[in-house]
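Accompanying notes for the structure given below.
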Amino acid sequence: MKKISAFGSIVQERPLLFIVVGSLLVRLLYLLLDWPLWWDSHVYIGMGKYIFSQGGSGIWEVYRPLLHPIMLGGLWKVGFNPFIMGKILDVLFSTISIYLVYLIGKKIFDEKIGLVGAFIFSIDAMFITITGLILADPLALFFGLLGVLFFLKEDCRWAGLGSGVCLAFSFLTRFPYGIWFGSMLIILALQKEGARSKIKKGLFLCLGFFIPVGAFLYFNYLRYGDPLLPLTTGSWIITTATWLYGSGIFFYFKEFFLANPVYLFFFPSVYFFFKERLWKENGEGVVFIVPLLTLLYFLYVPRKEVRYLLVALPFFALTAAYGLRFTLYWLKNKTKPIILSRAFVVICAILILLPVPTTLNIERVPIFTENIKVAITQYNVTGLVLSSSPAYVSFLDHPLATLDGMTFAPERYGMFQGRYAILFVNDCDLICSVTDGECNERRERLLGKIEKENKRIFRETYIFEDASLKCRYSMYLPMKVRK
């Protein structure tokens, strides 16, 4: 009983320490589960290898930002394992981001909202789930939140410059975070400062942003002849294979807000934001305009995934905390409230904790690492590896190309014919909508062509636990290399 009492007093006296340390422990525990990495994770690692081997190994995708691959590739170049270091950095940047959310909430509102916002953000199911997946978001959030913190400072010159640089790094880590920079410009235009002060801060903000971004655009011009190619290609790629993703104007309301009920308090916050014209305030504008623009942008984008809202997750957490307090004060001021304030607090705690992931087991799809390594050694493969997914070969130090799904696979296979030294295909990477007869015909022709023009050296079929899906894994050598 004394230990429980002592723990309670620590939480009461040092709530921020409890949130940060608790979040760190949860993420370290989550790392132990060793969840399978996603496609994007392997691409970032492969791009890092490509950059630091000057194309001698790894993979290149034109529509990816470069900052995250550069960091992972630099670690690989000096001898660190990018898989291990990537997971460690995920935890580090995620934990620092939680602290930055607290600082932003405290500066804009007060310490209580900062603490509640940081707590909501720290245990968000989506934010926890990406821990250890070596995605770009933890790094992008870290730079973006640091940029916002600089933006909130009074100094027009150095704070504006620092904010611009950090927001540029966030954008160069993951392009949708450019919404943050656009939001800062809108906030500057709307806030009630004098015109001279706003122009001065805006100029330094833009200077800080466009120095790194300008270097990136110049690199694109030298490499592709088009400075905007990664951006235009990225904008186009999210219009393909849309049947695999969510759709509809209510997708995010159902899959994000209803699935995480505490974020429903975002809506009363937005009502209060417009009612009180808080866009004129520097801080409040940041907290509300970023998530509003993010929602509008991703509602416009044809592909819809809940994880896209990670871009504005810190601000959804802070607006939810603000909405909670707004609702609590409203209840307290009612002579006959619908619900007692204490009961409301308990319900809110349940709403916050409800979506926390509790699943400790996930089906791990095989990637046949050892089989691939044996084949590479046995057949003395030193050239290009062509694969249906980077997941199967990102652990190799070979040059790699991918088939990129059925939208591009037939053309990609033809492009690399005569150039690849080994081919790895999982037919579940080459899927079509059941209603798309033309795509399914192209798929069968492609798989038949691969079987005919190559020597198969390996095949395994994996049946998923629910038995609704089975995948066939095959490894091939081009005919001229077979023994």
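According to the numbering used here, the sequence shown is numbered sequentially starting from 4.
Using N, Cα and C, we set each Cβ at its ideal position, and we do this for glycine too.
Being a predicted model, the structure only gives us computed values, none of them experimental.
Asked                                                                                                           : Found
Whole-angstrom C-beta distance between Ile111 and Gly286, which should lie under 8 Å                            : 3 Å
DSSP bridge partner residues for Pro481 (one or two, in chain order)                                            : Asn457
Per-residue DSSP class, three states only, for Leu136                                                           : coil
Own chain partners of Phe269 with C-beta closer than 8 Å, once the 5 adjacent residues on each side are dropped : Phe260, Pro294, Phe319, Thr322, Ala323, Gly326
Coil, strand or helix - Tyr332 by DSSP                                                                          : helix
Cβ-Cβ distance between Tyr476 and Gly237 below 9 Å                                                              : no
Neighbour-count burial assignment, Leu222, 16 or more Cβ in a 10 Å radius                                       : Per the sequence shown, the amino acid found at residue 222 is Phe instead of Leu. Label assigned to Phe222: exposed.
Status (buried if at least 16 other CB within 10 Å, exposed otherwise) for Leu299                               : exposed
CA-to-CA distance, Gly197 to Ile133, given in whole angstroms                                                   : 42 Å
CA-to-CA distance, Pro317 to Leu142, given in whole angstroms                                                   : 13 Å
Test item: CB-CB of Phe172 and Gly150 under 9 Å                                                                 : yes
Alpha carbon of Phe130 to alpha carbon of Met482, nearest angstrom                                              : 47 Å
Straight-line gap, Tyr479 to Leu387 (C-alpha atoms, nearest Å)                                                  : 13 Å
Proximity to Ile101 [Cα-Cα], best of Gly417, Pro305, Tyr311, Ser26                                              : Ser26
Arg475 - partner residues in DSSP beta bridges                                                                  : Thr464
Sequence-distant residues of the same chain with beta carbon closer than 6 Å to Val484, five excluded per side  : Confidence is the limiting factor: at Val484 the pLDDT is only 47, short of 50, which leaves the residue's position unreliable, though a coordinate-based value still follows. No residues qualify anywhere along the chain.
Given Gly59 as reference, the closest of Gly181, Ile99, Leu399 once Cα atoms are compared                       : Leu399
Neighbour-count burial assignment, Tyr224, 16 or more Cβ in a 10 Å radius                                       : exposed
Status (buried if at least 16 other CB within 10 Å, exposed otherwise) for Val314                               : buried
Beta carbon of Arg367 nearer than 9 Å to that of Pro85                                                          : no
Phe112: first and last residue of the uninterrupted alpha helix (DSSP H) it sits in                             : Note, Phe112: premise wrong, no alpha helix (DSSP H); not H, not E.
Whole-angstrom C-beta distance between Gly167 and Leu210, which should lie under 8 Å                            : 6 Å
Complete alpha helix (DSSP H) runs within the region 165-220 (minimum length 4 residues, chain order)           : 181-193
Beta-carbon proximity of Ile453 to Tyr416, cut-off 9 Å                                                          : yes
Within 9 Å, strictly: CB atoms of Pro393 and His45                                                              : yes
Proximity winner among Arg459, Pro68, Gly451, Trp42, relative to Pro230 (alpha-carbon distances)                : Pro68
Three-state secondary structure (DSSP) of Asn263                                                                : coil
Inter-stretch contact (C-beta, 8 Å, three-pair minimum) for the region 456-465 and the region 439-447           : no
Coil, strand or helix - Lys156 by DSSP                                                                          : coil
Distance, Lys376 Cα to Pro402 Cα                                                                                : 15 Å
Range of the contiguous beta strand (DSSP E) that encloses Ile425                                               : 423-429
Inter-residue spacing [alpha-carbon to alpha-carbon] between Glu463 and Arg445                                  : 23 Å
Sufficient close CB pairs (3 or more, under 8 Å) joining the region 238-255 to the region 301-311               : yes
Simplified DSSP state of Val377, which is helix, strand or coil                                                 : helix
Beta-carbon gap between Leu138 and Trp41 smaller than 9 Å                                                       : yes
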